[in-house]
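Position 215, counted from 1, in the sequence shown is what our numbering calls 916; the numbers after and before it change by one each time, with no gaps. Ideal placement from N, C-alpha and C gives every residue a C-beta, glycine not left out. None of these values were measured; they are calculated from a predicted model.
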Amino acid sequence: MDINKLLKGVNCDCGRTHTCDIEYVYIENNAIQRLGEICGQDRNILLVADENTFAAAGEKTVSALAGKNIRKVIFSGGAILVPNETAIHEVRSALSDADLIVGIGSGVIQDLCKYVSFESKIPYIIVATAPSMDGYASNGAAMITGGMKVTYPAGLPVAIIADTEVIRNAPIEMLKAGYGDIIGKFSALNDWKLSHLINGEYFCPYIYDLTYAQIQKTLSLADGILKRDEESVKALMEALTIVGILMSFAGSSRPASGSEHHLSHFFEITGILDGTPYFPHGIDVAYSTVITAKLREKILSRPFPSAIYRTTPEIYAKTMSAIYKSAAPGCIALQNKIGNYTAERGYLQKEDGIRAILAEMPTANEIERMLSLVGLDMEDFYRFYGSERIENAILYAKDLKDRYTVLWVNYDFYGGDSNV
Ligand SMILES: [Zn+2]
Ligand SMILES: [Zn+2]
702 MDINKLLKGV
712 NCDCGRTHTC
722 DIEYVYIENN
732 AIQRLGEICG
742 QDRNILLVAD
752 ENTFAAAGEK
762 TVSALAGKNI
772 RKVIFSGGAI
782 LVPNETAIHE
792 VRSALSDADL
802 IVGIGSGVIQ
812 DLCKYVSFES
822 KIPYIIVATA
832 PSMDGYASNG
842 AAMITGGMKV
852 TYPAGLPVAI
862 IADTEVIRNA
872 PIEMLKAGYG
882 DIIGKFSALN
892 DWKLSHLING
902 EYFCPYIYDL
912 TYAQIQKTLS
922 LADGILKRDE
932 ESVKALMEAL
942 TIVGILMSFA
952 GSSRPASGSE
962 HHLSHFFEIT
972 GILDGTPYFP
982 HGIDVAYSTV
992 ITAKLREKIL
1002 SRPFPSAIYR
1012 TTPEIYAKTM
1022 SAIYKSAAPG
1032 CIALQNKIGN
1042 YTAERGYLQK
1052 EDGIRAILAE
1062 MPTANEIERM
1072 LSLVGLDMED
1082 FYRFYGSERI
1092 ENAILYAKDL
1102 KDRYTVLWVN
1112 YDFYGGDSNV
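Right, dumping it as structure tokens:
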């Protein structure tokens, strides 16, 4: 797949014209050297990195920008960087007369740059340091504001630069995370099809198929990723970038983020609220994909109930505040606005179709085997989070989001039963 050709857009059979505003994607050896030509006449550059990502690619970036005025914001590499109001302020206040922002890093650094770029209308370029997630090419900035994980609409980078020499030397956990983020698409795509059937949500077979093809390609890379083989890591980064472009095509993260991402966001949010650790994004997504596969198997193994489960507003509010603390009112307000708790889904009339879609998902055992190819073991996940946190995630991760997924089917059918 030629990424630069994909960037030109597609006149699609789904009735939409899909476009993406990224101008350049370079995933190659020494890609960073292209920065000079891409920056063109821009004189004042704001570099944003943390100590670790600067150590990985900072020097190369600075030398590629020789002759420019460079200002730097470098976050501490010691603690996990949270993309919250404080971090936004730090980048924003360093902008001054910058013509261009260059973010060196992976998830959080890029989300921060994306957010500030959108707000200030100063363009940004990504220098990726790890093939760890698919957000490089997506037009949403995943921020944590007011204690909530909120995906803000944001602009796209002018360019994505992934120097294979840099990204293949990323911490091995980050390489596994990128693989895991792609495995999660099995679940995201399944949720998308499900919501198309149940809620009539927009669906594009072209985006679906092309995303699916990225999963299949990535599965063959496991061995090479573990060995940091340059071609395999390059192919992984390409898959992640293509999925990002497809999100732009879809106009939302729907093809790439469903119930498995909601579980991962739950672990991240509650980790931040409670001060407890959580796995890197793509690793959480990978493990969570096994959990959502189990939910689909559970639903398939039982008859559909004749009525859907509902609790009282009082019990709901109490449960939410126990789990989400200061973030609870925001979740409750969101669900009241969307009406997920009062929606009529027509499950029984659509039972055959729902069963057919759920059955398309690989089994939990199959997903576990795919994860084991890069040394990810579900036992680590169960030990790390414990059963209570996992059960809460299954029942209440959905409340963080407006998006319909299999987590809602499970809740609507079985309410308080979080068994998988
Ligand atoms: Zn389409
Ligand atoms: Zn992801």
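| Meets three-Cβ-pair contact criterion under 8 Å: the segment 759–767 and the segment 813–827 | Look at the beta carbons and you see the segment 759–767 not touching the segment 813–827: under three pairs across the two are nearer than 8 Å.
| query | With DSSP run on the structure shown, which of helix, strand or coil describes Ala1130? | reply | As displayed, the chain neither begins before 702 nor continues past 1121, which places residue 1130 out of reach and without an answer.
| field | Of the listed residues Glu874, Gly847, Leu766, nearest to Ser807 (C-alpha basis) | value | Ranking Glu874, Gly847, Leu766 by Cα distance to Ser807 puts Glu874 first.
| message | Here's the rule: buried if 16 or more other CB atoms are within 10 angstroms of the residue's CB, otherwise exposed. What is Asp1053? | response | exposed
| Do Asp798 and Ser777 come within 8 Å of each other at the CB atom, strictly closer than that value? | no
| field | Simplified DSSP state of Gly836, which is helix, strand or coil | value | Note: Gly836 maps to helix in three-state DSSP.
| said: Under 8 Å: do the segment 859–870 and the segment 825–838 share three or more Cβ pairs, one atom per stretch? | reply: yes
| field | 4 or more residues per run - each alpha helix (DSSP H) lying fully within the segment 986–1051 | value | 1014–1025, 1029–1039
| First through last residue of the alpha helix (DSSP H) which encompasses Asp722 | That residue, Asp722, is in no alpha helix (DSSP H); it is neither H nor E in DSSP.
| Whole-Å CB distance - Gly836 paired with Thr990, under 8 Å assumed | In fact, because the Cβ distance is near 17 Å, the residues do not count as touching under 8 Å.
| field | Bridge-paired residues (DSSP) for Met849 | value | Thr846
| field | Of the listed residues Gln742, Leu1108, Ser764, Ser794, nearest to Tyr962 (C-alpha basis) | value | What sits at residue 962 in the sequence shown is His, not Tyr. Checking every option, the nearest Cα to that of His962 belongs to Leu1108.
| Residues that Asn712 bridges to, as DSSP identifies them | Thr718
| request: Establish whether the CB of Pro784 and some CB of chain B are separated by less than 8 Å. | output: Of the chains in the structure shown, none is chain B; there is only one protein chain.
| Mind listing, in chain order, the residues whose beta carbon lies closer than 7 Å to a non-hydrogen atom of ligand 2? | Met834, Asp835, Gly836, Asp882, Gly885, Ala957, Ser958, His962, His982, Gly983, Val986
| task | Check whether the Cβ atoms of Val809 and Pro784 lie closer than 8 Å to each other. | result | yes
| message | Tell me which residue opens and which closes the alpha helix (DSSP H) that Ile781 is part of. | response | Element bounds for Ile781: n/a, residue is neither H nor E.
| Mind checking whether the beta-carbon of Cys721 lies closer than 7 Å to any heavy atom of ligand 1? | no
| Through-space distance from Phe968 to Tyr979, alpha-carbon basis | One C-alpha to the other measures close to 6 Å.
| said: Could you check whether the segment 1086–1099 touches the segment 938–951, counting it as contact only if at least three pairs of C-beta atoms, one from each stretch, sit closer than 8 Å? | reply: no
| field | Assigned exposure category for Arg1011 - 16 Cβ within 10 Å defines buried | value | With fewer than 16 other Cβ atoms within 10 Å, it is exposed.
| Of the residues Ser1088, Phe950, Arg1003, which one's Cα is nearest the Cα of Cys713? | Selected option, being the one with the closest Cα: Phe950.
| query | Is Thr971 closer than 8 Å to Ile908 when the C-beta atoms are compared? | reply | no
| query | Quick one, are the C-beta atoms of Glu729 and Thr919 less than 8 Å apart? | reply | no
| task | Please name the residue in Leu1074, Pro1004, Met1021 whose C-alpha comes closest to that of Lys1099. | result | Met1021
| message | Tell me the rounded alpha-carbon separation between Glu932 and Ile868. | response | For Glu932 and Ile868, the distance between alpha carbons rounds to 11 Å.
| field | Segment limits, beta strand (DSSP E) that includes Asn770 | value | 770–776
| Run through DSSP, which three-state label would Val803 get? | strand
| field | Beta bridge counterpart(s) of Pro854 as assigned by DSSP | value | Gly841
| query | Going straight from the alpha carbon of Arg744 to that of Ala1060, what length do you get? | reply | 55 Å
| query | Do three or more CB pairs link the segment 1071–1090 to the segment 985–1002 at distances below 8 Å? | reply | Yes: the two stretches touch, three or more of their Cβ pairs being nearer than 8 Å.
| Cβ separation of Ala994 and Met1062, assumed to be a contact under 8 Å, to the nearest whole Å | 6 Å
| Glu902 versus Val763 - alpha carbon distance | Roughly 46 Å separates the two Cα atoms.
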